[in-house]
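The next block holds one structure in the form of structure tokens; read it before the comments.
There are 2 protein chains.
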Amino acid sequence: MTPPAQINGARLLKRLDDFAAIGATPAGGVNRQALDPHDRAARALLTSLALERGFRVFQDPLANLFIRRDGKNNHLPPFLIGSHLDSQPTGGRYDGALGTLAAFEVLETLEDAQIETDVPVEMVAWTNEEGSRFAPGAMGSMAFSLGHIPQDWHDIRGTDGALWRDALAATLAALPIAEPRPLGFPISGYLELHIEQGPSLEKENIPIGIVTGVQGTRWLEVTVTGQAAHAGTTQLAFRRDPMAAVTSALHTLYETVMPADENARLTIGRIAALPGSVNAIPGSVSLSVDLRHPQADRLDSIETQVLAAFQDSAALHGCKVDIRKTFDMSPAPFSTAVIESVEQAARHLGLPFKHMVSGAFHDALYVARVAPAAMIFVPCRDGLSHNEAEYVEPEHSIAGARMLLQSTLDVPGR
Amino acid sequence: MTPPAQINGARLLKRLDDFAAIGATPAGGVNRQALDPHDRAARALLTSLALERGFRVFQDPLANLFIRRDGKNNHLPPFLIGSHLDSQPTGGRYDGALGTLAAFEVLETLEDAQIETDVPVEMVAWTNEEGSRFAPGAMGSMAFSLGHIPQDWHDIRGTDGALWRDALAATLAALPIAEPRPLGFPISGYLELHIEQGPSLEKENIPIGIVTGVQGTRWLEVTVTGQAAHAGTTQLAFRRDPMAAVTSALHTLYETVMPADENARLTIGRIAALPGSVNAIPGSVSLSVDLRHPQADRLDSIETQVLAAFQDSAALHGCKVDIRKTFDMSPAPFSTAVIESVEQAARHLGLPFKHMVSGAFHDALYVARVAPAAMIFVPCRDGLSHNEAEYVEPEHSIAGARMLLQSTLDVPGR
Chain A
143 MTPPAQINGA RLLKRLDDFA AIGATPAGGV NRQALDPHDR AARALLTSLA
193 LERGFRVFQD PLANLFIRRD GKNNHLPPFL IGSHLDSQPT GGRYDGALGT
243 LAAFEVLETL EDAQIETDVP VEMVAWTNEE GSRFAPGAMG SMAFSLGHIP
293 QDWHDIRGTD GALWRDALAA TLAALPIAEP RPLGFPISGY LELHIEQGPS
343 LEKENIPIGI VTGVQGTRWL EVTVTGQAAH AGTTQLAFRR DPMAAVTSAL
393 HTLYETVMPA DENARLTIGR IAALPGSVNA IPGSVSLSVD LRHPQADRLD
443 SIETQVLAAF QDSAALHGCK VDIRKTFDMS PAPFSTAVIE SVEQAARHLG
493 LPFKHMVSGA FHDALYVARV APAAMIFVPC RDGLSHNEAE YVEPEHSIAG
543 ARMLLQSTLD VPGR
Chain B
143 MTPPAQINGA RLLKRLDDFA AIGATPAGGV NRQALDPHDR AARALLTSLA
193 LERGFRVFQD PLANLFIRRD GKNNHLPPFL IGSHLDSQPT GGRYDGALGT
243 LAAFEVLETL EDAQIETDVP VEMVAWTNEE GSRFAPGAMG SMAFSLGHIP
293 QDWHDIRGTD GALWRDALAA TLAALPIAEP RPLGFPISGY LELHIEQGPS
343 LEKENIPIGI VTGVQGTRWL EVTVTGQAAH AGTTQLAFRR DPMAAVTSAL
393 HTLYETVMPA DENARLTIGR IAALPGSVNA IPGSVSLSVD LRHPQADRLD
443 SIETQVLAAF QDSAALHGCK VDIRKTFDMS PAPFSTAVIE SVEQAARHLG
493 LPFKHMVSGA FHDALYVARV APAAMIFVPC RDGLSHNEAE YVEPEHSIAG
543 ARMLLQSTLD VPGR
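Okay, structure coming up:
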């Protein structure tokens, strides 16, 4: 008879502190960018902790790091739990690290309790989720889901000028003790714990979010062209002002898109007027539009609304509009079976939960293409993330780890 | 008995061509920036033309160039007519050049007709009106009105790295034949012919604008600060989006300020969102606001409207707003006496005219501080200026010169 499995909360919190020290910033955050020396140090520490517990350690050609605890049927594909260890340049202590270290805690807890799982359970730390040093993000999980490394990645350079392939080779070489493994081997499922990176769980005082999928995202690059002219000499009637046209279109969109649909997201993150003189009506204004929605058809109709708003207001102001779609990621629903086992775990543990859709990208988005997958969210203070002030209450970190353990025990076919 | 004074249109048009060749650009414009070799060549050509006609040539310490035709009472302050010879880097053939060469044509016409004026008449070409190579603009007329060179000008560097004081010294030295003259000597009045740099005369098919003053101008630098957050994870209710706040304020202002008052001008020439990521709600948005109006009290009330719009909409979006005034130029009314003599000249010549306020700065704005001054505008095609496509119909250039001549003959106390 095995003892009941019980997450060691103090150990998890200590691990979070220990890893936050690797790349710690003076302001209390973390700067541990993909494939940099701090990232390598974090991989090395996790590997040594794993080897102490007798777990096997693997890395694939993308430097995705796997820590394996064998189960009853070791010829069957493992069940994967984890997240990433890299951070934004002024990142926080929890984004990625919580999901990775909680997954390691699950392995240790299973080991402490001497529980033999049906299939092997493996912790994974995906390479370069953030994409801040080397773009694109989620390289590790994307290549894993593809089963190969896209050709055009080889010449990628980082923001620091480093060649991605050199940084990758150095990272792989720094961990010779890890056993090599092919890219994209079969897995039985994937579950990722992550901080919400938004405020809704905290505001509603709910400790657990069960993530049913990832929103679809579209990026539009809009340029409205009018006629540059003198700010002082040009009367209203003679203006073809692209800034006035953009303002009018955005006003319409801000007033309609999000107020009419709580699942819709409309964000203007970038805007510039050319030539950019205080005393000249701009000749053109360019801006980015980020649209998100969990449903593909709603995303279509919002995009149509955006096009119409800019076309109408450009026409009204004697301007022309050019709209290009620069990114289009379809909504990705997660596995119903994995979601149900997570719900069952929450009920088992008596933890209040709600279903939610992830507004951010995650490694799970890519892994879901090749295996049943889902995610668990826990609240973070003020919804802050990608920020040195990122903070998760200790009880929420522990509750997340408990959910991860219980779900791992409950997942069908695990 | 002297023959009637008659502008030599062909000669004026030839002069415009000859000077447009100095610094000509392939696209048909002019790049003759202040104190550069082309500017020096233009000064040299004008000087040689003046000496051929027996006029005296002077330059003051700012390299303002004066060409004098004596009158009956040469101990009295001269009446000044002119403009500037420098251009924008991709400027046109008429901005400044028309007013300068038409003034020279007035001197030649007076000479041809052997008219003896009561006071001396002098053509002036002010140094660096444009301010595109060396900022600020209107240095020549500003220093003339001050009677000294501001201390902080000495270390000004040009966009090409040149020291202003070196370029000035080289320009002065290049014209040793010009007699030196102190800065800011007494003058009896000033009249400047200039292209409108706006479309209203052309659209209304009126050849002459009589400029009653220069608008007041205020520049505000507005920063709205909210909370940077993830574009995908942050629901509307939790957003403190400075871009939404700015849009709402600008919408209100575009809908009210200019539509309610045809003399008001509101221009947003510069805008930027920080951090400027496609997928992040910006933490702050900064923009410039250029406000103009011929009446000081209206300018005050429009500024109050702008402040209120940003404060209200920032509050509505949970943002803060910071507004700094970076430039404040009071409206400058021109001399009633000079305006009246210009009106009389238009009636005398049978030329349709309208009164207008200049939306742009001009040298006349500074000269008006020390002497009775006014301006005459002629139409330019499509209102285009500061543009290589700048164009003035020959008959409008000639009509402008005729007005300048007739007004010079009519100015009281001239």
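Taken in sequence, the protein lines are chains A and B.
Heads up, the first sequence is in our numbering, so the first residue is 143 and it goes up one at a time.
Heads up, the second sequence is in our numbering, so the first residue is 143 and it goes up one at a time.
Ideal placement from N, C-alpha and C gives every residue a C-beta, glycine not left out.
Computed from a prediction, not measured in an experiment: that's the story for all the values here.
Under the criterion of beta carbons closer than 8 Å, Lys-156 (chain A) and Phe-380 (chain B) do not qualify as touching, at roughly 32 Å. Where Phe-286 (chain B) is concerned, the enclosing alpha helix (DSSP H) starts and stops at 281 to 288. One finds nothing in chain A with a Cβ atom closer than 9 Å to the Cβ of Ile-348 (chain B); even the nearest lies about 14 Å away. Pairing Ala-474 (chain B) with Leu-507 (chain B) gives a Cβ-Cβ distance under 8 Å.
Think of a sphere of 9 Å around the beta carbon of Glu-404 (chain B): the chain A residues whose beta carbon falls inside it are Gln-377, Leu-378, Ala-379, in chain order. Bounds of the alpha helix (DSSP H) holding Asp-254 (chain B) are 239 to 254.
Thr-242 (chain B) places its beta carbon less than 8 Å from that of Gly-224 (chain B). No Cβ of chain A is located within less than 8 Å of the beta carbon of Ser-274 (chain B).
The Cβ of Gly-170 (chain B) sits no closer than 8 Å to any Cβ of chain A. Here the C-alpha atom of Ala-415 (chain B) lies approximately 13 Å from the C-alpha atom of Val-431 (chain A). At a beta-carbon threshold of 9 Å, none of the residues of chain A lie near Leu-191 (chain B); the nearest stands roughly 31 Å away.
For the stretch 177 to 238 of chain A, the full-length beta strand (DSSP E) segments reaching 3 residues or more read 198 to 201, 207 to 211, 221 to 226 along the chain.
Met-471 (chain B) is bridged by DSSP to B:Thr-359. DSSP links Pro-322 (chain A) through a beta bridge to A:Gln-201. Contact between the stretch 162 to 174 of chain A and the stretch 208 to 223 of chain A is not established, with fewer than three Cβ pairs separated by less than 8 Å.
Shortest Cα-Cα distance from Asp-297 (chain B) to any of B:Glu-404, B:Met-284, B:Ala-277, B:Thr-550 involves B:Ala-277. Listed by position along chain B, the residues whose Cβ is nearer than 8 Å to that of Tyr-396 (chain A) are Ala-386, Thr-389, Ser-390. Tyr-332 (chain A) is bridged by DSSP to A:Leu-222, A:Ala-515.
Taking C-alpha positions only, His-372 (chain B) is separated from Ser-527 (chain A) by approximately 8 Å.
If you compare the alpha carbons of B:Arg-360, B:Glu-530, B:Ala-531, B:Ala-510 with that of Phe-221 (chain B), the shortest gap goes to B:Ala-510. Within chain B, the C-beta atoms nearer than 7 Å to that of Pro-424 (chain A) come from Gly-411, in chain order. Phe-246 (chain B) and Pro-521 (chain B) have their alpha carbons spaced roughly 20 Å apart. Between the stretch 298 to 315 of chain B and the stretch 177 to 187 of chain B there are three or more C-beta pairs closer than 8 Å, enough to call the two in contact.
Across the structure, Phe-200 (chain B) and Arg-275 (chain B) are spaced so that their CA atoms are roughly 24 Å apart.
In the structure shown, Glu-264 (chain B) falls within a strand segment according to DSSP collapsed to helix, strand and coil. Taking CB atoms only, Asn-421 (chain A) has a neighbour in chain B less than 8 Å away. Contact check between the stretch 421 to 436 of chain B and the stretch 382 to 397 of chain B: three or more CB pairs, one atom from each, fall below 8 Å, which counts as touching. For Lys-156 (chain B), DSSP records no beta bridge to any residue. Close to Glu-338 (chain B), with beta-carbon spacing below 8 Å, are these residues of chain A in chain order: Thr-375. Secondary structure at Gly-368 (chain A): coil, using DSSP grouped into helix, strand and coil. The alpha carbon of His-336 (chain B) has as its nearest neighbour, out of B:Leu-240, B:Arg-323, B:Ile-319, B:Pro-417, the alpha carbon of B:Leu-240. About 6 Å separates the Cβ atoms of Pro-349 (chain A) and Pro-494 (chain A), confirming a contact at the 8 Å cut-off.
The CB of Thr-359 (chain A) comes closer than 9 Å to the CB of Ala-373, Gly-374, Asn-421 in chain B, given here in chain order. Taking a C-beta distance under 8 Å as the contact criterion, Gly-151 (chain B) and Glu-532 (chain B) do not qualify as a contact pair. A Cβ of chain A is located within less than 8 Å of the beta carbon of Gly-501 (chain B). Burial check for Glu-537 (chain B): the Cβ neighbour count within 10 Å stays below 16, so the residue is exposed.
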